[in-house]
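Chains as they are written, first to last, in my numbering: chain U, 33 to 435; chain X, 33 to 435.
2 protein chains.
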Amino acid sequence: MTKQCDLVIDNVRIASMQKNGKPYGILTQSSVAIKNGKVLAIFDGSQESYHCNKRYNGENKWLLPGFIDCHTHLVYGGNRANEFEQRLQGKTYTEIAQQGGGIQGTVNATREASEHTLLSSAIKRASRLVEEGVTCIEVKSGYGLDLDTELKMLKVAKQIAEYLPVSIVTTYLGAHAVPKEYRSNPDDYVQFICDRVIPAVARQQLASCVDVFCESIGFSPAQCRKVFAAAKTHKLNVKAHVEQLSDLKGAKLAAEFAAISVDHIEYLDPKDIPALKQSGTVAVLLPGAFYYLSETQKPPVAELRANKIPIAIATDLNPGSSPIASILTIMNMASVLFGLTPEEVLYGVTIHAAKALELSSKGQVKTGMDADLCLWDIEHPAELVYGINQHRPSAKWFAGRIC
Amino acid sequence: MTKQCDLVIDNVRIASMQKNGKPYGILTQSSVAIKNGKVLAIFDGSQESYHCNKRYNGENKWLLPGFIDCHTHLVYGGNRANEFEQRLQGKTYTEIAQQGGGIQGTVNATREASEHTLLSSAIKRASRLVEEGVTCIEVKSGYGLDLDTELKMLKVAKQIAEYLPVSIVTTYLGAHAVPKEYRSNPDDYVQFICDRVIPAVARQQLASCVDVFCESIGFSPAQCRKVFAAAKTHKLNVKAHVEQLSDLKGAKLAAEFAAISVDHIEYLDPKDIPALKQSGTVAVLLPGAFYYLSETQKPPVAELRANKIPIAIATDLNPGSSPIASILTIMNMASVLFGLTPEEVLYGVTIHAAKALELSSKGQVKTGMDADLCLWDIEHPAELVYGINQHRPSAKWFAGRIC
Numbered sequence: 033m034t035k036q037c038d039l040v041i042d043n044v045r046i047a048s049m050q051k052n053g054k055p056y057g058i059l060t061q062s063s064v065a066i067k068n069g070k071v072l073a074i075f076d077g078s079q080e081s082y083h084c085n086k087r088y089n090g091e092n093k094w095l096l097p098g099f100i101d102c103h104t105h106l107v108y109g110g111n112r113a114n115e116f117e118q119r120l121q122g123k124t125y126t127e128i129a130q131q132g133g134g135i136q137g138t139v140n141a142t143r144e145a146s147e148h149t150l151l152s153s154a155i156k157r158a159s160r161l162v163e164e165g166v167t168c169i170e171v172k173s174g175y176g177l178d179l180d181t182e183l184k185m186l187k188v189a190k191q192i193a194e195y196l197p198v199s200i201v202t203t204y205l206g207a208h209a210v211p212k213e214y215r216s217n218p219d220d221y222v223q224f225i226c227d228r229v230i231p232a233v234a235r236q237q238l239a240s241c242v243d244v245f246c247e248s249i250g251f252s253p254a255q256c257r258k259v260f261a262a263a264k265t266h267k268l269n270v271k272a273h274v275e276q277l278s279d280l281k282g283a284k285l286a287a288e289f290a291a292i293s294v295d296h297i298e299y300l301d302p303k304d305i306p307a308l309k310q311s312g313t314v315a316v317l318l319p320g321a322f323y324y325l326s327e328t329q330k331p332p333v334a335e336l337r338a339n340k341i342p343i344a345i346a347t348d349l350n351p352g353s354s355p356i357a358s359i360l361t362i363m364n365m366a367s368v369l370f371g372l373t374p375e376e377v378l379y380g381v382t383i384h385a386a387k388a389l390e391l392s393s394k395g396q397v398k399t400g401m402d403a404d405l406c407l408w409d410i411e412h413p414a415e416l417v418y419g420i421n422q423h424r425p426s427a428k429w430f431a432g433r434i435c
Numbered sequence: 033m034t035k036q037c038d039l040v041i042d043n044v045r046i047a048s049m050q051k052n053g054k055p056y057g058i059l060t061q062s063s064v065a066i067k068n069g070k071v072l073a074i075f076d077g078s079q080e081s082y083h084c085n086k087r088y089n090g091e092n093k094w095l096l097p098g099f100i101d102c103h104t105h106l107v108y109g110g111n112r113a114n115e116f117e118q119r120l121q122g123k124t125y126t127e128i129a130q131q132g133g134g135i136q137g138t139v140n141a142t143r144e145a146s147e148h149t150l151l152s153s154a155i156k157r158a159s160r161l162v163e164e165g166v167t168c169i170e171v172k173s174g175y176g177l178d179l180d181t182e183l184k185m186l187k188v189a190k191q192i193a194e195y196l197p198v199s200i201v202t203t204y205l206g207a208h209a210v211p212k213e214y215r216s217n218p219d220d221y222v223q224f225i226c227d228r229v230i231p232a233v234a235r236q237q238l239a240s241c242v243d244v245f246c247e248s249i250g251f252s253p254a255q256c257r258k259v260f261a262a263a264k265t266h267k268l269n270v271k272a273h274v275e276q277l278s279d280l281k282g283a284k285l286a287a288e289f290a291a292i293s294v295d296h297i298e299y300l301d302p303k304d305i306p307a308l309k310q311s312g313t314v315a316v317l318l319p320g321a322f323y324y325l326s327e328t329q330k331p332p333v334a335e336l337r338a339n340k341i342p343i344a345i346a347t348d349l350n351p352g353s354s355p356i357a358s359i360l361t362i363m364n365m366a367s368v369l370f371g372l373t374p375e376e377v378l379y380g381v382t383i384h385a386a387k388a389l390e391l392s393s394k395g396q397v398k399t400g401m402d403a404d405l406c407l408w409d410i411e412h413p414a415e416l417v418y419g420i421n422q423h424r425p426s427a428k429w430f431a432g433r434i435c
């Protein structure tokens, strides 16, 4: 019987990234039928028959799900190249902060920037990811730290999807830094987040998740607890930057609130891993910041592995600690710097990254899932992790359309 | 008086990379006239008048010389993704070498590959560099280790320039590894290099330079001395991989032969720097291999600086220790990993890289020099070093032609 579909991609090797017991979720079938933006069927070319106007010959290349970059801060004003240069010329962080640099510099520039300016620079950065096979990006706010600018950032982030073939997931990160207006009373800022901004974000549906920076230079566990509680009251998911520079037990706190992910976790105490297991929380590793800040403490990869915690990888694209607009570079860094296998890395930017964003229809080549797919001219999936800047997708489909 | 030219690029900010006492060799003029592939004049748009059919409005963007990648091994057969994966899965180097991996694996694949196959994979890699603003690439042989394959590699390297807007400089690196045929008598291999291959390379003008890998796992200083002497006899320049993993005094030896560059030099003894100064040798730093091999010993940057040794930066693009096809990534690594300032990095991929290849007409925006130019949509040259994968040239000219 002939079935109707919109497109058939034939003659491909499929690394589905399903958890099917095969490395990379490799499938034996060689054809994918697509209908209404979804994968309708995966089948052996000779076995079933689909009627559609379009057929694409994959020439025995590898088909993978589009990559998901599950942690970025890519909407921001200005850049910090000037600071970077000053540090290399010998200035200290304190001197730079005193002259208005650091995160406050980005906050000032983001508050001043028009929506148009923010959007055009964000599109440029997102394009770099999209060119490399990314079809879904999480974008956090957190450089406004006042009501209007935080909402502006989230609106801009959502608009990226109107210009590029990519899904955008937005996260409200008010608890990123204490703004200068609240420097002497940070608890009041936390109250402002909980009472004013979270309700507005929820009402306007500008984010699906609330994030915090739980760190001595960010917010205390007690403050983060308040933010999480407010988020839950407004039916928003929570996730958290934790244990990046020290162990404040942020991961345990996040697990208590069933966080969908804990991110960074270089200083995570392996004893806290069972709590993450219990809460189904994804561990998001960000090797870009580790590299850029010349850190030496590595996340407890062996223990995460032993406890079967899903590990995701992301660029953390931001102007201060990871100005790296390349998922492929970050994938290589995850192997070279953190020792993940190429297979773990590829799970980390597909199915596990989807889980870190609670997206159930992305991150795998699988019947019923979104047809966000990339075709790669390689001999083995490990080649995507082994080098830097060696590959680009030969073809790419977003929601079933070639792009 | 109106002068004739082929093109005027107007309204640009020029980081000439000349050594003119200004950071980045910044010029006050805003226009560049080009004729016969060379820079005819740099002038203030309002001051002089040129007659030509083409004018390009640079819209106040930054004009820099095209980048020069002065150390690559980008012609090779196969890749080593499989090995990379096995190492991350826990196999040792010895186990991998025993099953035919490592450099010998690449030698086997390169010997087997047709010229066509080698060329098409090399063009793909070179394209990645060219896209990022590279207009000149040095390519070494060294994965053949027999007469025919070494000559084949050099011929293939030269052919890249027929397909891409880039100059290719070739280097014969027979003394890269001892091939299996000579494993029990490496001195005979050195003799073969000197008596058979160097004369053939010189006669056929397939390379302008001879390189060696002076290291315990490569060739001894005594062996390198023989190779250098043979190169000099045939009027070829010399350069050397030295002090990458240990201090064998390769740099001193290279200086004795007036080497145009010494490359890697993590283990260089600062006491040997005056010899490099004396011989006018360029120090080529290769942060990609340092990163990829997880090395910890950094080159003596402060001492090189204090002695005013010209420092160049290169990708070292190769399948084993630096499969990184991105000059922009390497430029960022030179700052982040080795502490070079953005200005030093940009000198390192322009005027100093030209000097490492003995090219007197490249690496600067300067009257009389090759019009290999890139226009960048940035606010400051340091932005090219500060991030990874954030920028591509807005426009590019090779030998005066837009490309």
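Beta carbons are placed, not taken as given, at the ideal position from N, Cα and C, and that holds for glycine. Bear in mind that the values here come from a model prediction, so they are computed numbers and not experimental data.
Stretch pair the segment 379–397 of chain X + the segment 307–321 of chain X: three plus CB contacts closer than 8 Å: The segment 379–397 of chain X, when compared against the segment 307–321 of chain X, does touch it at the 8 Å Cβ threshold.
Can you tell which of X:LYS281, X:CYS256, X:ILE192, X:THR202 has its C-alpha closest to the C-alpha of SER240 of chain X? X:THR202
Please state the DSSP three-state secondary structure of GLN118 of chain X. Looking at GLN118 of chain X - three-state DSSP - the assignment turns out to be helix.
Three-state class that DSSP yields for GLN36 of chain U in the structure shown: strand
Does the contact criterion of 3 or more C-beta pairs under 8 Å hold for the segment 325–338 of chain U versus the segment 377–384 of chain U? no
Residues near LEU463 of chain U in its chain [Cβ-Cβ closer than 7 Å; skip 5 each side]: Residue 463 of chain U lies beyond the stretch modelled for chain U, which goes from 33 to 435, so this question has no answer here.
Under 8 Å between C-beta atoms, does TYR437 of chain X make it to chain U? The requested residue 437 of chain X is not part of the displayed model; chain X covers only 33 to 435.
8 Å contact criterion, which GLY371 of chain X and LEU120 of chain U should meet: CB distance rounded: 6 Å
Do we get a CB-CB distance below 8 Å when we pair ILE343 of chain U with the residues of chain X? no
Based on the DSSP secondary-structure assignment, which residues constitute the bridge partners of LEU95 of chain X? X:ILE46, X:LEU407
Determine the chain X residues that contact TYR418 of chain U at a beta-carbon separation under 8 Å, and present them in chain order. ASN111, ARG112, ALA113, PHE116, GLU117, PRO355
Quick check on the DSSP output: the beta strand (DSSP E) that includes GLY206 of chain U runs from which residue to which? 199–207 is the span of the beta strand (DSSP E), which, as asked, contains GLY206 of chain U.
List, in chain order, every chain X residue whose beta-carbon is nearer than 8 Å to that of GLN121 of chain U. Neighbourhood of GLN121 of chain U in chain X, by CB distance below 8 Å: THR373, in chain order.
Could you pull out every residue in the same chain whose Cβ sits closer than 6 Å to the Cβ of VAL242 of chain X, ignoring the five residues on either side in sequence? TYR204, ALA263, LEU268, VAL270
Anything in chain U within Cβ reach of SER146 of chain X, meaning under 8 Å, just list it in chain order. Under the 8 Å cutoff, chain U gives no residues; its nearest Cβ is about 17 Å from SER146 of chain X.
Could you name the residues of the same chain whose beta carbon sits closer than 6 Å to that of VAL26 of chain U, not counting the 5 residues immediately before and after it, in chain order? Residue 26 of chain U lies beyond the stretch modelled for chain U, which goes from 33 to 435, so this question has no answer here.
Just checking my contact of HIS103 of chain X with GLU164 of chain X at CB under 8 Å: how many whole Å lie between their CB atoms? At roughly 16 Å, the Cβ-Cβ gap does not stay under 8 Å, so HIS103 of chain X and GLU164 of chain X are not in contact.
Output yes or no for whether 8 Å exceeds the beta carbon distance between ALA414 of chain X and ASN350 of chain U. no
Taking ALA414 of chain U as the query, report the chain X residues whose CB atoms sit under 8 Å from its CB, ordered along the chain. Near ALA414 of chain U (Cβ distances below 8 Å), the residues of chain X are ALA113, ASN114, PHE116, GLU117.
Closest to ILE341 of chain X by CA distance: which of X:THR347, X:LEU317, X:GLN329 is it? X:LEU317
Can you tell me whether ASP227 of chain U is helix, strand or coil according to DSSP? helix
Can you find the residues in the same chain that come closer than 8 Å, C-beta to C-beta, to ILE128 of chain U, ignoring five residues on each side of it along the sequence? GLU115, GLN118, ARG119, GLY134
Cβ distance (whole Å) where PRO355 of chain U is taken to contact GLY419 of chain X below 8 Å: Going by Cβ atoms, the distance from PRO355 of chain U to GLY419 of chain X rounds to 3 Å, so yes, they are a contact pair.
Hey, is VAL368 of chain X's beta-carbon within less than 8 Å of any beta-carbon in chain U? yes
Does any residue of chain X have a CB that is nearer than 8 Å to the CB of GLN329 of chain U? No, its Cβ sits nowhere closer than 8 Å to a Cβ of chain X.
Which residues in the same chain as ALA403 of chain X place their Cβ atom closer than 7 Å to its Cβ, once the five residues preceding and following it in sequence are excluded? ILE66, GLY69, LYS70, VAL71, TRP429, ALA431, GLY432
Curious, which full-length beta strand (DSSP E) runs of at least 3 residues does the segment 235–301 of chain U contain? 241–246, 269–274, 293–296
Are the CB atoms of GLN422 of chain X and ARG45 of chain U nearer to each other than 8 Å? no
What do you reckon, are the CB atoms on GLU91 of chain U and ASN43 of chain U nearer than 8 Å? yes
Please confirm whether TYR56 of chain U has its beta-carbon closer than 8 Å to some beta-carbon of chain X. no
HIS83 of chain U classed as buried or exposed, judged by whether at least 16 other C-beta atoms fall within 10 angstroms: exposed
Let me check understanding here. Comparing Cα to Cα, which of X:HIS296, X:ILE297, X:LEU277, X:LEU308 lies closest to TYR290 of chain X? Going by the sequence as given, residue 290 of chain X is Ala instead of Tyr. ALA290 of chain X has its Cα closest to that of X:LEU308, out of X:HIS296, X:ILE297, X:LEU277, X:LEU308.
From the DSSP output, in three-state form, read off ASN140 of chain U for me. ASN140 of chain U falls in the helix class under three-state DSSP.
Compute the minimum distance between the beta carbon of ASP76 of chain U and the heavy atoms of the ligand ATP, and state whether it is under 7 Å. Among the components modelled here there is no ligand, and therefore nothing to report on the ligand ATP.
Mind listing the chain U neighbours of THR361 of chain X? Cutoff is C-beta to C-beta under 7 Å, in chain order. THR361, ILE420, ASN421
Should LYS54 of chain U be labelled buried (16 or more other beta-carbon atoms within 10 Å of its own) or exposed? exposed
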